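Numbering (the numbering used here), first residue to last: 11 to 307. Think of the CB as a built atom: it goes at the ideal place given N, C-alpha and C, for glycine as much as any other residue. Note that the structure is predicted; figures quoted are calculated from it, not measured. Report on the following structure.
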Amino acid sequence: MEEIIVEGKKIEITHPDKVIWEEQRITKLDYIHYLLNVSHYMVEHAKDRLLMVWLYPHGIAGKKIEKRSVPQSAPDWVSHIFYKNKERMLLNDTATLVWAANYGAIEFHVPFDRHDKPDFPLEMVFDLDPPDDKSFNLAIEVALKLKELLQSLGLQSVPRTSGSSGLQVFVPIEPLYTFEQTRKITSFIAIYFKEKMPKQVTMERVVSKRGDKLYFDYLQLWKGRTMPVVYTPRAKQSATVAAPLSWSELEKGIQPADFSILNIKKRIDEKGDLFKPITTEKLNQSLNDILDFIEKN
């Protein structure tokens with residue numbers, strides 16, 4: 011057991027030498043040090059959003075356990091909120107992040123809205139899910155076309171690896187629009203892509219029916235559904251993380267495995283936080299003109 015102090019809170023790390031990612035020999039203590047390096051960025055994304063963590067008690071290759079409520083064993087200082095008759099976890103500080111990792115959390119996920127302003131998402135997100143791990147270039151192709159379309163609508167966007175096999179495009183917006191309103195836009199754009207790229211793109215939610223097409227997921231942006239927190243590790247053998255990208259490097263070509271626990275700190279030091287248009291320097295973009303156009307057509 012090893013003791014660390016985070017924001018004045020004493021946390022006793024259990025089994026610090028336990029190896030979580032075998033291939034890279036990343037231990038639990040290594041993992042917690044990684045989280046300390048990126049905690050500021052993760053907290054900025056997750057703050058005041060109801061937290062969901064995935065626990066992997068039998069290793070990252072085993073079954074996951076979803077946890078949303080504060081466990082009885084949690085110390086009083088863990089950030090939380092009483093929400094709909096339950097004590098729900100919040101990721102509002104670094105100490106809570108480290109506590110959760112020590113508790114067994116490997117992945118951190120949050121909804122699109124804040125608990126104090128429910129039903130008004132802070133961003134639109136398009137989740138591009140290629141048919142297999144070898145088809146990531148298809149996700150890049152669709153993402154670049156999506157960027158062009160969004161630009162034509164006057165919207166800036168930020169691409170991000172999911173940390174798994176997919177690619178996500180975030181569009182920061184003013185939190186003035188309901189999920190129903192954003193769904194009008196995301197469904198409109200998804201249908202446009204299905205019609206423009208029928209051989210490459212599908213809106214079929216059932217995996218077995220997609221064939222070799224990319225799933226253009228516009229449905230995930232909804233009440234209660236979640237996305238991985240930026241820079242969260244994923245339970246993958248290569249220790250990948252959800253990494254924000256620049257459009258220029260996406261044009262040059264990347265793979266999700268390029269971004270892992272082992273190199274993200276150096277990447278942020280060199281490039282800065284590419285997710286800041288969503289978080290610390292949030293762009294509050296209006297959707298009024300697009301909604302007017304869709305309703306008139």
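Open item on the list: Whether or not the region 167-177 and the region 240-257 are in contact is what I'm after, with contact meaning three or more pairs of Cβ atoms, one per stretch, closer than 8 Å; do they touch?
Closed with: Yes, since at least three Cβ pairs between the region 240-257 and the region 167-177 fall closer than 8 Å, the two stretches touch.
Open item on the list: Ignoring anything shorter than 4 residues, give me the alpha helix (DSSP H) runs that lie fully in the region 19-87, in order along the chain.
Closed with: Counting whole runs of 4 or more residues, the region 19-87 contains the alpha helix (DSSP H) stretches 38-56.
- [ ] For Glu280, name the three-state secondary structure that DSSP assigns.
- [x] helix
Task: Of the residues Ile201, Gly221, Met134, the one placed nearest Glu184, counting alpha carbons only - done: Met134
Task: Cβ-based neighbour list, Thr290, same chain, cut-off 8 Å, excluding 5 preceding and 5 following - done: Glu54, Asp283
Open item on the list: Once the 5 residues before and after Gln191 are set aside, which same chain residues still bring their CB inside 8 Å of it?
Closed with: Leu297, Leu301
Open item on the list: Given a cut-off of 9 Å on the beta-carbon distance, is the pair Ile271 and Tyr113 in contact?
Closed with: no
Task: Test item: CB-CB of Val152 and Gln166 under 9 Å - done: no
Open item on the list: Quick check on the burial criterion: 16 or more other C-beta atoms within 10 angstroms. Buried or exposed for Thr24?
Closed with: Within 10 angstroms of the beta-carbon of Thr24 lie fewer than 16 other beta-carbons, which makes it exposed.
Open item on the list: Ignoring anything shorter than 4 residues, give me the alpha helix (DSSP H) runs that lie fully in the region 246-306, in order along the chain.
Closed with: 257-262, 274-281, 298-306
Task: Outcome for Phe303 when other beta-carbon atoms lying within 10 angstroms are tallied against a minimum of 16 - done: exposed
Task: Cut-off 7 Å between Cβ atoms - residues of its own chain near Glu117, not counting five sequence neighbours on either side - done: Val63, Trp64, Pro238, Thr242, Pro243, Arg244, Ala245
Task: Per DSSP, the bridge partner or partners of Phe180 - done: Beta-bridge pairing links Phe180 to Val135, Val168.
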